[in-house]
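Peer 1: Below: one structure in structure tokens.
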Amino acid sequence: MSNTSAAPVLAVSGLDFTVGSLNILSDISLTVHEKEFVCIVGASGCGKTTLLRLMGGLLNPTQGKVEYRGREVTGPEPELAVVFQDYGRALLPWRTVAGNVELALEARRIPKKERPEIIQTMLARVGLAERAEAYPVQLSGGMQQRLQIARCMAQAPQVLLMDEPFGALDAMTRQTLQDEVARLCSDAGVTVVFITHDLEEAIYLGDRVISMDKHPGRLSESMTIELERPRDQLTTREDARFLAYRHRLFNLLPPGH
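Going by this note's numbering, the sequence shown opens with residue 548, and the numbers climb by one from there.
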């Protein structure tokens with residue numbers, strides 16, 4: 548659980564993003580605090596992914612700014628890791644599972660002799676320890692996404708920015724990975740910003756859920772989720788508070804979001 552009285556880890560202030568004459572995001576301001584798990588939901592085309600990329604320094608705003616621990620973000624930051632929905636394109640097909648995780652350790656300049664133990668630990672955490680010598684093409688979609696998450700965690704990030712990471716997965720794999728990500732991030736004390744179309748996923752994972760409107764993309768409401776952790780796929784989703792959050796969020800978003 549985050550400490551919202553402390554200075555924010557991420558702060559977005561007066562953010563606009565325009566491409567040509569198209570205003571994609573307008574006057575976005577929000578803060579994300581230490582160890583907070585913030586989910587952002589909204590209709591297709593509202594600019595959720597664009598906002599995430601701006602927060603990660605992958606795009607530069609037209610106006611406004613993003614700050615990480617009080618320092619303006621003007622490009623990719625080593626302490627901010629991004630997990631993409633398209634895990635297939637995010638992985639290096641010519642590297643083994645272990646080799647993909649090692650990429651993060653190379654970037655951190657971890658000595659070679661220390662890498663095998665770290666790689667094994669990361670793969671064990673996501674259930675891939677036995678597949679270390681396999682190649683991405685030999686893994687299922689769920690395993691490939693686990694591998695991308697393991698590589699990001701090997702980066703030792705302070706903030707994990709996740710762009711609909713489970714959107715292409717089947718329901719059972721999706722729920723398994725929801726629990727794994729919640730556990731991994733809690734154990735590591737990582738702050739998370741998580742983009743999703745799935746309202747129930749947002750409520751299940753989040754400490755806070757932020758909804759967005761579109762044309763142009765704006766933040767519409769921030770809802771604190773007061774559900775105990777650790778959460779459970781059965782009992783949490785059947786909790787009357789969970790259902791009330793879902794009803795409220797459903798009414799905020801347009802049909803077919």
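Glycine included, C-beta positions come from ideal geometry on N, C-alpha and C. Bear in mind the structure is a predicted one, so any value in this text is a computation, not a measurement.
Express the C-alpha separation of Gly736 and Gly674 in angstroms, rounding to a whole number.
Peer 2: Locating residue 674 in the sequence shown gives position 127, counting from the first residue. Locating residue 736 in the sequence shown gives position 189, counting from the first residue. Straight-line Cα distance between these residues: approximately 20 angstroms.
Peer 1: At the level of alpha carbons, what is the spacing between Met770 and Val648?
Peer 2: Against the sequence shown, residue 770 aligns to sequence position 223. Against the sequence shown, residue 648 aligns to sequence position 101. Met770 and Val648: Cα-Cα distance of roughly 35 angstroms.
Peer 1: Short of 8 angstroms in beta carbon distance, which residues of its chain neighbour Pro623, apart from the five on each side in sequence? Order them along the chain.
Peer 2: What you label residue 623 is simply residue 76 of the sequence shown in a count that begins at 1. Around Pro623: Gly603, Gly604, Leu605.
Peer 1: Would you tell me roughly how many angstroms separate the C-alpha atoms of Asp760 and Thr597, rounded to the nearest one?
Peer 2: Stepping through the sequence shown from its first residue, residue 760 is reached at position 213. Stepping through the sequence shown from its first residue, residue 597 is reached at position 50. Using only the alpha carbons, I get a separation of about 14 angstroms.
Peer 1: Tell whether a beta-carbon distance below 8 angstroms holds between Gly753 and Phe584.
Peer 2: Position 206 of the sequence shown, counted from the first residue, corresponds to residue 753. Position 37 of the sequence shown, counted from the first residue, corresponds to residue 584. Closer than 8 angstroms, so yes.
Peer 1: Tell me whether the beta-carbon of Tyr634 lies closer than 8 angstroms to the beta-carbon of Gln692.
Peer 2: Position 87 of the sequence shown holds residue 634. Position 145 of the sequence shown holds residue 692. Result yes, Cβ atoms of Tyr634 and Gln692 sit closer than 8 angstroms.
Peer 1: Let me know the secondary structure DSSP gives Val588 once reduced to three states.
Peer 2: As a first step, residue 588 must be located in the sequence shown, where it is residue number 41. If DSSP states are grouped into helix, strand and coil, Val588 belongs with the strands.
Peer 1: Three or more beta-carbon pairs under 8 angstroms between the stretch 700-712 and the stretch 734-748, yes or no?
Peer 2: Counting Cβ pairs under 8 angstroms, three or more are found: they touch.
Peer 1: Tell me the rounded alpha-carbon separation between Ala590 and Leu599.
Peer 2: Working through the sequence shown from its first residue, we reach residue 590 at position 43. Working through the sequence shown from its first residue, we reach residue 599 at position 52. One C-alpha to the other measures close to 15 angstroms.
Peer 1: Whose C-alpha, out of Arg672, Ala645, Cys586, is nearest the C-alpha of Pro663?
Peer 2: As a working mapping, residue 663 is identified with position 116 in the sequence shown. Ranking Arg672, Ala645, Cys586 by Cα distance to Pro663 puts Ala645 first.
Peer 1: Just to confirm before moving on: does the CB-CB distance between Ser758 and Leu799 stay below 8 angstroms?
Peer 2: Your numbering for residue 758 matches position 211 in the sequence shown. Your numbering for residue 799 matches position 252 in the sequence shown. Yes, the pair counts as a contact, with Cβ atoms nearer than the cut-off.
Peer 1: Apart from the five residues just before and just after Ile657, which ones in its own chain have a Cβ nearer than 8 angstroms to its Cβ?
Peer 2: Locating residue 657 in the sequence shown gives position 110, where the first residue counts as 1. So the qualifying residues of the chain are Ile665.
Peer 1: Suppose you measure from the CA of Cys586 to the CA of Thr578; what does that come to, to the nearest Å?
Peer 2: As a first step, residue 586 must be located in the sequence shown, where it is residue number 39. As a first step, residue 578 must be located in the sequence shown, where it is residue number 31. For Cys586 and Thr578, the distance between alpha carbons rounds to 12 angstroms.
Peer 1: Relative to the C-alpha of Pro683, which residue among Asp717, Lys582, Ala637 is closest?
Peer 2: For the purposes of this step, residue 683 is identified with residue 136 of the sequence shown, where counting begins at 1. Comparing Cα-Cα distances from Pro683 to each of Asp717, Lys582, Ala637, the minimum goes to Ala637.
Peer 1: Just grab the DSSP bridge partners of Ile742 for me.
Peer 2: Position 195 of the sequence shown holds residue 742. In the DSSP output, where bridge partners are listed per residue, Ile742 has Ile587, Asp710.
Peer 1: Count the other CB atoms within 10 Å of the CB of Lys660; is the residue buried (16 or more) or exposed (fewer)?
Peer 2: For the purposes of this step, residue 660 is taken as the residue at position 113 of the sequence shown. Classification of Lys660: exposed, given that the 10 Å Cβ count is below 16.
Peer 1: Skipping 5 residues on each side, what residues in its chain have a beta carbon closer than 8 angstroms to that of Ala729?
Peer 2: Counting from one through the sequence shown, the residue named residue 729 turns up at place 182. Here the set comprises Phe584, Leu752, Arg776, Pro777, Arg778.
Peer 1: Quick one: Cα of Arg616 to Cα of Phe564, how far?
Peer 2: Locating residue 616 in the sequence shown gives position 69, where the first residue counts as 1. Locating residue 564 in the sequence shown gives position 17, where the first residue counts as 1. Between Arg616 and Phe564, the C-alpha separation is close to 22 angstroms.
Peer 1: Based on Cα-Cα distance, which residue from Leu716, Gln722, Tyr792, Gln702 lies nearest to Val629?
Peer 2: One-based indexing of the sequence shown puts residue 629 at position 82. Here the closest residue by C-alpha is Gln702.
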